[in-house]
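Protein sequence lines correspond, in order, to chains E and L. Residues in the first sequence are numbered consecutively from 32, following my numbering. Residues in the second sequence are numbered consecutively from 32, following my numbering. Report on the following structure.
Number of protein chains: 2
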Amino acid sequence: MDARHAILFEPVRIGPKTLPNRFYQVPHASGFGSARPKTQAAFRAIKAEGGWGGVCVEYAPVSPDSDETPPIAADIWDERDARALGLSAAAIHAHGALAGLELYHGGSSSPNGGSRAVRVAPSQLTSERQWGGLAKEMDAGDIARLQREWVRAARQAADAGFDIIYVYGAHGYLMTQFLSPHTNRRTDGYGGSLANRGRFWMETLTAVREAVGGDCAIATRIALHGDSGVPGAETLPGIHTDDMLKLVTMADDLVDLWDVTVGSWPEDSGTSRYYPEGHQRPWAHRVREATAKPVVAVGRYTSPDLMAEVIRSGAVDLIGSARQAIADPFLPRKIAEGRLDEIRECTGSNLCIFREETFNHVGCVQNATAGEEYRRGWHPEIFAPAAGPDRPVLIVGAGPAGMECAVVLGKRGFTAVHVVEAEPEIGGKLRWARRLPTLGDWGRIIDWRAIQLARLPGVQVITGRRLAAADVLDYGAELVVIATGSEWRGDGVQPGHPDPMPGADPGLPHVLTPEQACAGKRPPGPRVVVYDADGYYVAPGVAEMLAAEGFEVSVVTPFSVLSPVSDQTLEGDMLRAHLHRAGVSVHHGTTITGVSPGSVTGHDRHDEPWSAVCDGIVLVTQQASQDALYTELAGDPEALAAAGIAGLYRIGDALAPRMISEAIFDGHRLAREIDAEDPAQPAPYRRERAELG
Amino acid sequence: MDARHAILFEPVRIGPKTLPNRFYQVPHASGFGSARPKTQAAFRAIKAEGGWGGVCVEYAPVSPDSDETPPIAADIWDERDARALGLSAAAIHAHGALAGLELYHGGSSSPNGGSRAVRVAPSQLTSERQWGGLAKEMDAGDIARLQREWVRAARQAADAGFDIIYVYGAHGYLMTQFLSPHTNRRTDGYGGSLANRGRFWMETLTAVREAVGGDCAIATRIALHGDSGVPGAETLPGIHTDDMLKLVTMADDLVDLWDVTVGSWPEDSGTSRYYPEGHQRPWAHRVREATAKPVVAVGRYTSPDLMAEVIRSGAVDLIGSARQAIADPFLPRKIAEGRLDEIRECTGSNLCIFREETFNHVGCVQNATAGEEYRRGWHPEIFAPAAGPDRPVLIVGAGPAGMECAVVLGKRGFTAVHVVEAEPEIGGKLRWARRLPTLGDWGRIIDWRAIQLARLPGVQVITGRRLAAADVLDYGAELVVIATGSEWRGDGVQPGHPDPMPGADPGLPHVLTPEQACAGKRPPGPRVVVYDADGYYVAPGVAEMLAAEGFEVSVVTPFSVLSPVSDQTLEGDMLRAHLHRAGVSVHHGTTITGVSPGSVTGHDRHDEPWSAVCDGIVLVTQQASQDALYTELAGDPEALAAAGIAGLYRIGDALAPRMISEAIFDGHRLAREIDAEDPAQPAPYRRERAELG
């Protein structure tokens, strides 16, 4: 270990418990909840195994009027729920870490889709998060009832083995709804003055402490107002930082660990596009000065040097992590062992949050094993030795899928894996995506794999060599994996329009694909339409790039908002503000169906004709697999047999263009299952089932 | 039974099985799938008990590359899944009905959020339904594999007890993707000609028939193109009706039951706003003429006379139902017993589909017990006798919650329930909502309850009497239920803006609440802004009403589309087309923050100032519980005790303004649980849990 990092491995006392080191996986959603207890336990245990001294399960609603359905939360409504969650506590303990449970109530943000309970909140205001009804203004009975539930849940969690019990007070949920005068309009003892608005939280902390304070550390998560100055970032309305710090001081005797969040969720979980590593640090430091107790804060920390420096500065006592702990559960052990260049750094792209926002279980663009520990038995650092590791393997294409497949085959002990890439660099579509404005950190996907590939003795990377089918047949490989990726179509085919768009021909000077734009092709005049039928990062990225060069850019899109997918990575508002400031105009609800030199035509959301004058168009319409090589090879089984090729597979975008995370998952899976009877078809995965008896 | 209806009770032979009558619950989603097998079984069994001769479970994906996650489908990926679903077959059989399972593959529409499998489809085109990636173009191996899975699933379903096995070919899913040249661009034997495009479907039918045709009836669901002429309705692109009828004739020997759907899902499950009862009838009739086999089609049929007439006309052999069977599982028995005015008619408001589209389990605005058969042990027609039924009950307010509560208390045997309503009519907010353009059938919520209330000997309804707190105390009731509803705020408070809007005062001539608009108040000039911060039916309804009177109406809304909630009831496109034709303009992404005589001001989506000239504004911003009566009573426990009031409760919008379905659910629940220790708090409900062992 580097001596500079030793400070990270000091134990930290929190109330009656001691964390073995300063690495702390803060509560974050997994999609497993208490409904999938074994999947949850395996997902959390791997972090303890990787060296995180504290590992928390996600938000645990204490009562059915905080029902998160459709997302799956760690409901702890009764003793059976607590027992299910106890599997996680036991699995975390098995590796010497402390286990935390974040007792939670969503207040007016609770969907209550499963329970159909009425929402409750300090005042009857519409939730900005949930359509479907207003909340009941909590009466004295509701306040007492929820405090009883919190205590009951705390007791059951302690009995189930948890060491750290939260009173979740952040992110705009019930506690914050009480604290903020924006959402607390009460005129009784729970509203008005700061002390009154803090009363529900203080009373709950007191009651929980009385119930389990002797056995467990009491943590609370708080939200500071935040004000990063990032355009489009919301702060948390209503609670000024100075007020929150007063509350911290007031409650300090009741709390063993302060878990600090900053601003709204899109700010707190800010992506690498708009926030640097450690951006919450100044706010955490202010909390540090207001309390005598340990403080943890996140910050998308990936650098051990910065982590150690932040601890030394006194800003925090623990390095909180959600995203980085997903990307690399073994980060602490890698630091401890000085294997710094093995750390799989979080890209800050919020694919994990995209999965959560689309109501799926956790996933990670960097770490294909995240969430698959129980389901598929995948370990992020342990790879089953392959049967027949001396079989020569040829992987054609070093994009995300090809790189990942090669790394995993290498780790499984294959001795002769050749990755042959036609371009002079590896990386596939990431080669140009990482160069789009604000997307630089996405390049970490390439960087980590490049280091691994260079280090694996059985893997050789050859760039600048484009293989034809005959070359593949002659290569001498026994297993061939085609990972030739995808390209953006230049013909204007788009969702709902399977036929090419008249006039769409990327051979013309005024028609561009995104790849052409990134490679330097420019339209013959200053007015550019970027047509976005895709909805994620490509069109805004190209638009921003061209606007920065002085083009008059307008994005035209059939969607009702620009880049709706970015809302699910928490980037939408910032991205739209960013482009607005850059002078990019947007036409929503508009479909382009024809291109001519000097203009584009189409229709608006009411099917009325629409047209615009422009000097060129970038078509971000639809991708197509580059699968000609695969198709040619697969079409000639005799030739394959004659060449000694026993297995021919296709992964990543060459199979079907998808998000980068899915291409990596694909390459990873094939490498894990290359010894299966039919490696092309995913093996069944374990699903937790309801009792039938 | 009315002799005219006897035809509905004739048995119908389908392949090797015989349906006991012509009532057929077609496959429809429940949100229970194979993951919640006991909840599913109880939900389906109640329909068999109510007299439906055929009862189907929902769509059952045959393989992990048709994974519907996040929604829960009836996955039948292995034998354990089949056993879970078998609980439903057994429960349906217990009441003498046949059980059906709709084997399914979503093709390019499969989210695959849980399995993370690549999507498959006949051609690599973007799904219009699912963001997140293109499909793999199926190769010969995929075709054979999915047919094997279909056969395997069919065999396991038959072994689990199902009588009717589907090859689902409708609604734009995999079979339809093959049939339509819009989505099938193949150049092999599965693309091109009609026979080629039908090959995958025909081969699958053949294989399934070979596997289980001796034991089970083989059904297939098909989609006809449809063309209702309703503005905004999509037809199903690509397959002309004549072609589909040729396919029907080609496949007729392979099929025992044709299940006919029409157009896209929003057309097929058309709401009462835009489609009359039986609107699919002409298309079903055309299928009837192309086949020798029985035909079933839906049509939101609620009238027994029309059902009998449709059978007699030969258009169909079976009355298919999804929504009506949810609204009243006992419809067949009520017809058989001549209890026609007991039928709880479907409102056609698609609350059931709203629940599905928001990834929740089934619900129904008319039938609060739907989906609660296992969870809460609720039966739609059987009500546990109350403890102490002679306790006098006063319900204040005869809106949805109050009406429902009174009906259930009456059915539980209460002998002295008084429902006192201040207005001259019962119905609450539905009194005016049902008079908004196109919303007439929503009035069925009142109508069914009015009939029940008139019939229950223990319930008396008193209208036109407004009770003050003193009146309630003097009333002589032992149990008091406050159901005084909600009102739209006239002060402009809206999501994210908890303070009143400057200038928003409904006492002024140019400021209107929706209730005022419905009661006849009109602005002093022709230019009206309807400001919609709500997003559902109220603002479009008021806008349409005013436009029809000649006002120049524009809807201003912070949402990116008009009435986003209507997309989840499948009405959005039609509603927007409807208002566009009515000359209503829409300003999206715009927040109004101030009102003056002659203008409104606010900001656009980039926080830039915005204003408009107008003569008046209708504020559809936020509702408020009318809870003054409850608050006054609850604030004086001594007075309650002195008056002999042992229980004081609050239900419906008086508790918290929500969708009408939730108000009804609330009133129903309180009446079911009025004998509980704390009736105000919902009793725990049964949840199916994962195995821990």
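Note that the Cβ used here is the ideal one computed from N, Cα and C, for glycine as well. Owing to the predicted nature of the structure, the values given are computational and were not obtained by experimental measurement.
- Query: How about the stretch 461-481 of chain E and the stretch 433-453 of chain E: do they share at least three Cβ pairs that are nearer than 8 Å?
  - Reply: yes
- Item | 8 Å Cβ cut-off: residues of chain A touching A721/E | The chain inventory of the structure shown lacks chain A, comprising the protein chains E and L.
- Message: Going by DSSP in three states, P531/E sits in which element: helix, strand or coil?
- Response: coil
- Task: Return helix, strand or coil for A20/E, following the three-state DSSP convention.
- Result: No information on residue 20/E is available, as it lies outside the stretch 32 to 724 that chain E covers here.
- Query: Is it true that the CB of L50/L sits closer than 9 Å to the CB of A128/L?
  - Reply: yes
- Query: Where in the stretch 455-488 of chain L do unbroken runs of the alpha helix (DSSP H), each at least 4 residues long, occur, reported from the N-terminal end onward?
  - Reply: 461-464, 475-486
- In whole angstroms, what is the alpha-carbon distance linking F385/E and Q599/E? 5 Å
- Sort out for me which residues DSSP pairs P92/L with in a bridge. Y135/L
- From P92/L, P540/L, S616/L, pick the residue whose C-alpha is nearest to that of M6/L; which is it? Absent from the structure is residue 6/L, since the part of chain L shown begins at 32 and ends at 724.
- With 9 Å as the threshold, decide whether the Cβ of M532/E is near any Cβ in chain L. no
- Message: Cutting at 8 Å between CB atoms, please list the residues of its own chain near A417/L, excluding the five before and the five after it.
- Response: L440, R443, G444, F445, I705, D706
- Query: Can you give the beta carbon distance from I374/E to D359/E, rounded, assuming they're within the 8 Å contact cut?
  - Reply: 6 Å
- First and last residue of the uninterrupted alpha helix (DSSP H) at V524/L: Looking at the DSSP string, V524/L is not in any alpha helix (DSSP H), and its letter there is neither H nor E.
- So which residues of chain E does A687/L contact, with C-beta pairs closer than 7 Å? V149, R150, Q155, G164, L165, A166, K167
- Query: Since R681/L is in the alpha helix (DSSP H), which residue starts that stretch and which ends it?
  - Reply: Counting along the chain, R681/L falls outside any alpha helix (DSSP H), though it belongs to the beta strand (DSSP E) covering 678-681.
- Excluding five sequence neighbours on each side, which residues of the same chain lie with their C-beta closer than 6 Å to the C-beta of Q311/E? V293, A328, G330
- Item | Residues that H637/E contacts on chain L, provided the C-beta gap is smaller than 8 Å | R607, A608, H611
- Taking only beta-carbon atoms, is A401/E less than 9 Å away from chain L? no
- Taking DSSP as the reference, what is the three-state secondary structure of R114/L? helix
- Item | CA-to-CA distance, P142/L to E663/E, given in whole angstroms | 30 Å
- What's the C-alpha gap between I270/E and D530/L? 16 Å
- Task: Identify each residue in the stretch 213-246 of chain E for which the Cβ-Cβ distance to at least one residue of chain L is less than 9 Å, and report them in chain order.
- Result: H213, T214, R216
- Message: For a contact defined as C-beta to C-beta under 8 Å, what are the partners of S591/E on chain L?
- Response: S591, V592, H619
- Listed in chain order, which residues of the stretch 632-658 of chain L have Cβ atoms closer than 7 Å to some Cβ of chain E? H637, Q653, Q654, A655, S656
- Report the three-state DSSP secondary structure of I195/E (helix, strand or coil). strand
- Query: Among A714/L, V511/L, T157/L, A694/L, which one has its Cα closest to the Cα of L165/E?
  - Reply: A694/L
- Task: Going by CA-CA distance only, name the one from G471/E, V326/E, R520/E that's closest to P307/E.
- Result: G471/E
- Since A401/L contacts I357/L with CB under 8 Å, what's their CB separation in whole angstroms? 5 Å
- Taking C-beta pairs closer than 7 Å, name the residues in chain L that R111/E reaches, listed in chain order. R720
- Item | Within-9 Å CB hit, S141/L to chain E | no
- Query: Closest by CA to D502/E, which one among R319/E, G64/E, L671/E, G458/E?
  - Reply: L671/E
- Message: With three or more beta-carbon pairs closer than 8 Å as the criterion, would you say the stretch 68-83 of chain L touches the stretch 112-126 of chain L?
- Response: yes
- Item | Neighbour list for D100/E in chain L, Cβ cutoff strictly below 9 Å | Going by the sequence as given, residue 100/E is Thr instead of Asp. Within chain L, the residues near T100/E are F390, N391, H392.
- Message: For G345/L, which residues in the same chain have their Cβ closer than 8 Å to its Cβ, ignoring the five residues on either side in sequence?
- Response: H316, R319
- Would you mind giving the Cβ-Cβ distance between F390/L and F63/E, rounded to the nearest angstrom? I have them listed as a contact below 8 Å. The pair is not a contact, with the Cβ atoms about 17 Å apart (cut-off 8 Å).
- Message: Here's the rule I'm using: 16 or more other beta-carbon atoms within 10 Å means buried, otherwise exposed. How should S352/E be labelled?
- Response: buried
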